[in-house]
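Chains as they are written, first to last, in the working numbering: chain A, 12 to 321; chain B, 7 to 184.
Encoded structure:
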């Protein structure tokens, strides 16, 4: 099968086969990343713009490396150097960028759904590198690839996601992808951080306590407490949060003995996870980062081909 | 519209062609020194494995065997859309090797061009030779095969299909007329 989407904005928009294709292509891309000369000519002559309205190290560099390994030309635009600080609207910025003839715009934006708006305004492909509290599809895909590496499958896995589900685009993309591929998702967090209706997204169970969520889990995914996004009203303080919803060597024992621990980064050590767990044997956090490049190569490759099929 | 199919080569015919090609490879390279086989996915990799077996039967040596996936080197991504990407698996150093590239059908030559680019990205072989089961003509690039199972004159709208069974053994070669 071939990929038939011009944009990748949300895993909600993709079906099971398309998600599986993106993951299996990423597995093939890893072979390129293990070579001495890490470059193939697939996207030669394509221009890719990295447009990041929110700060990012991992995602932006990972997309940039992915594009360069496929021989595309990349340009990075961040708000501090763009006209957005001078009051230009997103639509105007996009039209101006379009005049430079990009083939793909990779955007991160604080407003949920802004990519759908952008996709209507421009003729090139759009890839979502995170939009507000909506989705972060490349993170969801790389998390699923990392789980598949360990277990060889996603079907039938029990995945616990713990933390601020409401503000987490990582959680949303994982829930969308994992439930389509047959995993069961258990979420836990302070009641103020559980979005109403999350159980309607698929095979999702809302747990009252963290213990309930991680009991016998194959995967424990901890989310970052996003102090920049939530204000001060959702929890009393980080110490109390760490006591009830932090992962430490003691409560990790509730999960299966070979359970994997994941975190999208950057980590608040001592808040959502203790350093013993972050640096422990069960931690797959750096593998996630490593898989990020392969997954993003797969996404760039498929939107480049997919656009021509429409 | 009805399609008609003719069998160009049956299983014994394919086997005889592969045996002859194995002998020709050994004759031209004066043995197995620095020799290595690389099959192009998918089809060529199965044939390369059979050639390795034939060469072992003659010389009692297993020559290195690899497979190359050329999807990322195609020049028609925009026209064909993205295809599933297979894995390139070459478990030996290419530098200084006499590589025999193996494919099932030689047609425009674009696949071979892509495969040569892929190999050269991985190392510096001493030479690259080309073995194909069927040469059906209509080249678009200055490429020719060193070893050919059978030359088949075809029309451009026809299709040549090499079928394999579940054990990756070739069954037959068919000419499909539209």
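The beta carbon of each residue, even a glycine, is placed where N, CA and C say it ideally should be.
Presumed contact (8 angstroms Cβ cut-off) between residue i and residue j, rounded CB distance
| i | j | result |
| --- | --- | --- |
| residue 115 of chain B | residue 80 of chain B | Not confirmed; about 13 angstroms, so no contact. |
| residue 50 of chain A | residue 80 of chain A | 6 angstroms |
| residue 126 of chain A | residue 183 of chain A | Their Cβ separation, rounded to whole angstroms, is 14 angstroms, which puts residue 126 of chain A and residue 183 of chain A out of contact at 8 angstroms. |
| residue 263 of chain A | residue 293 of chain A | 7 angstroms |
| residue 158 of chain A | residue 230 of chain A | 6 angstroms |
| residue 91 of chain B | residue 39 of chain A | 4 angstroms |
| residue 22 of chain A | residue 206 of chain A | Contact flag wrong, Cβ pair sits at about 17 angstroms. |
| residue 65 of chain A | residue 18 of chain A | The Cβ separation is near 19 angstroms, so there is no contact. |
| residue 138 of chain B | residue 41 of chain B | That belief does not hold up - the Cβ atoms of residue 138 of chain B and residue 41 of chain B are roughly 17 angstroms apart, past 8 angstroms. |
| residue 171 of chain A | residue 224 of chain A | 4 angstroms |
| residue 177 of chain B | residue 165 of chain B | That belief does not hold up - the Cβ atoms of residue 177 of chain B and residue 165 of chain B are roughly 16 angstroms apart, past 8 angstroms. |
CB of residue i within 7 angstroms of CB of residue j, strictly
| i | j | result |
| --- | --- | --- |
| residue 122 of chain A | residue 98 of chain A | no |
| residue 232 of chain A | residue 273 of chain A | yes |
| residue 180 of chain A | residue 141 of chain A | yes |
| residue 101 of chain A | residue 133 of chain A | no |
| residue 314 of chain A | residue 152 of chain A | no |
| residue 14 of chain B | residue 108 of chain B | no |
| residue 85 of chain A | residue 59 of chain A | yes |
| residue 177 of chain A | residue 197 of chain A | no |
| residue 187 of chain B | residue 111 of chain B | Within the shown structure, residues of chain B are numbered from 7 to 184, placing residue 187 of chain B beyond reach of any answer. |
| residue 14 of chain A | residue 88 of chain B | yes |
| residue 156 of chain B | residue 167 of chain B | no |
| residue 136 of chain A | residue 168 of chain A | no |
| residue 100 of chain B | residue 128 of chain B | yes |
| residue 245 of chain A | residue 204 of chain A | yes |
| residue 174 of chain A | residue 283 of chain A | yes |
| residue 28 of chain B | residue 51 of chain B | no |
| residue 75 of chain B | residue 104 of chain B | no |
Alpha carbon of residue i to alpha carbon of residue j, nearest angstrom
| i | j | result |
| --- | --- | --- |
| residue 18 of chain B | residue 57 of chain B | 15 angstroms |
| residue 134 of chain B | residue 61 of chain B | 18 angstroms |
| residue 43 of chain B | residue 82 of chain A | 28 angstroms |
| residue 104 of chain A | residue 268 of chain A | 50 angstroms |
| residue 67 of chain B | residue 187 of chain A | 52 angstroms |
| residue 37 of chain B | residue 132 of chain B | 15 angstroms |
| residue 70 of chain B | residue 97 of chain B | 8 angstroms |
| residue 165 of chain A | residue 228 of chain A | 13 angstroms |
| residue 160 of chain B | residue 45 of chain B | 24 angstroms |
| residue 61 of chain A | residue 258 of chain A | 34 angstroms |
| residue 111 of chain A | residue 88 of chain A | 13 angstroms |
| residue 83 of chain B | residue 53 of chain A | 8 angstroms |
| residue 10 of chain B | residue 163 of chain B | 13 angstroms |
| residue 22 of chain B | residue 184 of chain B | 29 angstroms |
| residue 236 of chain A | residue 254 of chain A | 14 angstroms |
| residue 138 of chain A | residue 117 of chain A | 5 angstroms |
| residue 174 of chain B | residue 35 of chain B | 27 angstroms |
| residue 226 of chain A | residue 200 of chain A | 15 angstroms |
| residue 12 of chain B | residue 20 of chain B | 15 angstroms |
Assigned exposure category for residue i - 16 Cβ within 10 Å defines buried
| i | result |
| --- | --- |
| residue 318 of chain A | Legend: pLDDT at residue 318 of chain A = 49, less than 50; position of this residue unreliable, value from coordinates given subsequently. Buried, because 16 or more other Cβ atoms sit within 10 Å of the Cβ of residue 318 of chain A. |
| residue 63 of chain A | buried |
| residue 304 of chain A | buried |
| residue 250 of chain A | exposed |
| residue 260 of chain A | exposed |
| residue 222 of chain A | exposed |
| residue 299 of chain A | buried |
| residue 302 of chain A | buried |
| residue 24 of chain B | buried |
| residue 336 of chain A | For chain A, the structure presents residues 12 to 321; residue 336 of chain A sits outside this window and is missing. |
| residue 16 of chain B | exposed |
| residue 247 of chain A | exposed |
| residue 85 of chain B | exposed |
| residue 154 of chain A | buried |
| residue 55 of chain A | exposed |
| residue 53 of chain B | buried |
Per DSSP, cross-strand counterpart(s) of residue i
| i | result |
| --- | --- |
| residue 11 of chain B | B:182 |
| residue 157 of chain B | B:141 |
| residue 282 of chain A | None, per the DSSP bridge assignment. |
| residue 87 of chain A | A:61 |
| residue 98 of chain B | Per DSSP, none; premise fails for residue 98 of chain B. |
| residue 216 of chain A | A:197 |
| residue 120 of chain A | A:142 |
| residue 108 of chain B | B:45, B:137 |
| residue 176 of chain B | B:170 |
| residue 71 of chain B | B:43 |
| residue 11 of chain A | This structure cannot speak to residue 11 of chain A, because chain A is shown only from 12 to 321. |
Beta carbon proximity, residue i to chain D, threshold 7 angstroms
| i | result |
| --- | --- |
| residue 58 of chain A | Although the question refers to chain D, the structure presented lacks it and instead comprises the protein chains A and B. |
Any non-hydrogen atom of the ligand FMN within 6 angstroms of residue i CB
| i | result |
| --- | --- |
| residue 61 of chain B | Ligands are entirely absent from the displayed structure, and the ligand FMN is therefore not among its contents. |
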